[in-house]
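S.K.:
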Amino acid sequence: MCDFLQFSYPDALESDYPCSARCDISHSTGTANAVIAIIHVYFLFYNSIRAKGITVMWLCIDATLLFNQYINPIVLDNIGWKYYISTPPKLSKSAKHALIVSHLQSTRTCHTLKDLEKMLPSVASINGMQVKEYVQELVDEGKIRMEKIGSGNWYWCFAGEEKKERERRLEQLRKEVDHAQASYDKAQASLASRKQQWEREDADDQEWQKAVQEKEALEQECQQLRTEWAAAVSTMEGGKGIQEIKEETQAFREQAQMWTDNIYVLEQYLCKLAGGDREIITAIQQECYGEEYVEGEGLRELE
1 MCDFLQFSYP DALESDYPCS ARCDISHSTG TANAVIAIIH VYFLFYNSIR
51 AKGITVMWLC IDATLLFNQY INPIVLDNIG WKYYISTPPK LSKSAKHALI
101 VSHLQSTRTC HTLKDLEKML PSVASINGMQ VKEYVQELVD EGKIRMEKIG
151 SGNWYWCFAG EEKKERERRL EQLRKEVDHA QASYDKAQAS LASRKQQWER
201 EDADDQEWQK AVQEKEALEQ ECQQLRTEWA AAVSTMEGGK GIQEIKEETQ
251 AFREQAQMWT DNIYVLEQYL CKLAGGDREI ITAIQQECYG EEYVEGEGLR
301 ELE
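Letter 19 of the sequence shown, counting from 1, is numbered 19 in the UniProt record's numbering, and no numbers are missing.
1) Confirm, please, whether the CB-CB distance from F158 to Q196 is below 8 Å.
2) CB-CB under 6 Å to I85, same chain, minus the five flanking residues each way: which ones, in chain order?
3) Taking the C-alpha atoms as reference points, what is the distance between W154 and C222?
4) Span of the alpha helix (DSSP H) holding I149?
5) Taking DSSP as the reference, what is the three-state secondary structure of Y155?
6) What does the Cβ neighbour count give for S190, buried or exposed, with the cut at 16 atoms within 10 Å?
7) Let me know the alpha helix (DSSP H) ranges lying completely inside the segment 43-93, each 4 residues or longer, listed in chain order.
8) I'd like to confirm something about H103: is its beta-carbon nearer than 7 Å to some heavy atom of the ligand MG, or not?
9) Per the contact definition of three or more C-beta pairs closer than 8 Å, is the segment 174-191 in contact with the segment 255-263?
10) Could you check how far apart the C-beta atoms of K143 and V101 are, in whole angstroms? I think they sit under 8 Å.
11) Closest to T227 by C-alpha separation, out of Q181, Q206 and K215, would be which residue?
12) Using the Cα positions of S193 and E295, report the straight-line distance between them to the nearest angstrom.
13) Taking the beta carbon of H111 as the centre, do at least 16 other beta carbons fall within 10 Å, making it buried, or is it exposed?
14) For L66, collect the residues of the same chain with a Cβ closer than 6 Å to its Cβ; drop the 5 residues on either side in sequence, then sort them by chain order.
15) Of all the options V139, D185 and G53, which has the alpha carbon lying nearest to the alpha carbon of E219?
16) Contact check, Y269 vs E207 under 8 Å by CB: the rounded distance?
17) Counting along the chain, where does the alpha helix (DSSP H) carrying I126 start and finish?
18) May I ask you to list the residues that DSSP assigns as paired with H111?
19) Contact defined as beta carbons within less than 8 Å: I believe V96 pairs with I74. What is the distance between those atoms, to the nearest angstrom?
20) With respect to the alpha helix (DSSP H) encompassing A274, which residues constitute its N-terminal and C-terminal limits?
21) Measuring only the C-alpha atoms, how far is W58 from I38?
22) Are there 16 or more other CB atoms within 10 angstroms of the CB of C288, so buried, or fewer, so exposed?
23) Using three-state DSSP, classify G290 as helix, strand or coil.
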């Protein structure tokens, strides 16, 4: 039987080597019968099912490709879907500063620069190499506190400190407004005194009109200053930024400087009326300027 297998199914015996080797050793007919049965079962049953399965698989793949190629475009055109590619909006530098300050206030603790380099890139959408630059800008503006402890710097920002800083700036602005108001009152008193003097001396109408126009301009500027002061007080709780308070303070300083220039113009006119008499001019300056008068110089310069 084994000789028959070797002659009839040489390939099968090679593929079923354990069974065929057993047949050569023992010359068992049972082993030979098992090999023949397995060979016929493979070709009659398993092999045909495997081929059919592969055929069905490729048929499904082809049907799927056909559907995606020809049916899907028709469906997408009919349902009217549109596809857009967009990028997230870029944050401005001030917005990134606000995000950093808000995050530090929410943590309610102190951080080292290394801690900030780890957490801030995801908070404010910045590069890790830019963290030090952004933090230094906020420290310079007074929005973040920094203290050197040991060998490193520690950074923090508490909501209460921002309110105190805003109140301090507002108090400083109030003092500057009071100083400007006092300067305006003195200028107005000086203008009234000179008005009486011009009336006594029958000054020409053109110079008088010019002085009146200057007085009206000073009154308008004073009214504008009062309005700005009221706006600053009303928005104290809302919280103006430090930069806005600086700009307003600078505007008040420029207005005070302009009033001072007007006083100098009036001094020149007084010198013209007095005929260059220094004693008369000095006496009028001392009377009008009061504490603001500097001996030998006239009106004290603004600080």
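All C-beta atoms, glycine included, are put in the ideal place defined by N, C-alpha and C.
M.R.: If we stick to the structure as given:
1) A distance of 8 Å or more separates the beta carbons of Q196 and F158.
2) Apart from the 5 residues on each side of it in sequence, I85 has no Cβ closer than 6 Å to any other Cβ in its chain.
3) Rounded to the nearest angstrom, the two C-alpha atoms are 45 Å apart.
4) No alpha helix (DSSP H) contains I149, which is instead part of the beta strand (DSSP E) from R145 to I149.
5) If DSSP states are grouped into helix, strand and coil, Y155 belongs with the strands.
6) S190 is buried by the Cβ-count criterion.
7) At a cut-off of 4 residues, the continuous stretches assigned as alpha helix (DSSP H) that sit fully inside the segment 43-93 are 47-66 and 72-79.
8) Looking for the ligand MG in the displayed structure turns up nothing, as the structure carries no ligands at all.
9) Counting C-beta pairs with one atom in each stretch, the segment 255-263 and the segment 174-191 have three or more that are closer than 8 Å, which means they touch.
10) Between V101 and K143 the Cβ distance is about 5 Å, and since that is below 8 Å, they are a contact.
11) Nearest C-alpha to T227: Q181.
12) The straight-line gap from Cα to Cα measures roughly 21 Å.
13) Flag for H111 reads buried.
14) The answer is none, since no qualifying residue turns up.
15) For E219, the nearest C-alpha among the options comes from D185.
16) The pair is a contact, with the Cβ atoms about 7 Å apart (cut-off 8 Å).
17) Element bounds for I126: n/a, residue is neither H nor E.
18) Among the bridge pairs identified by DSSP, H111 is matched with Y155.
19) Position check: residue 96 holds Lys in this sequence, whereas Val was assumed. Actually they are not in contact, since the Cβ atoms of K96 and I74 sit about 47 Å apart, beyond 8 Å.
20) Counting along the chain, A274 sits inside no alpha helix (DSSP H), nor does DSSP assign it H or E at all.
21) For W58 and I38, the distance between alpha carbons rounds to 28 Å.
22) Buried, since its Cβ has 16 or more Cβ neighbours within 10 Å.
23) Of the three classes helix, strand and coil, the one that applies to G290 here is helix, per DSSP.
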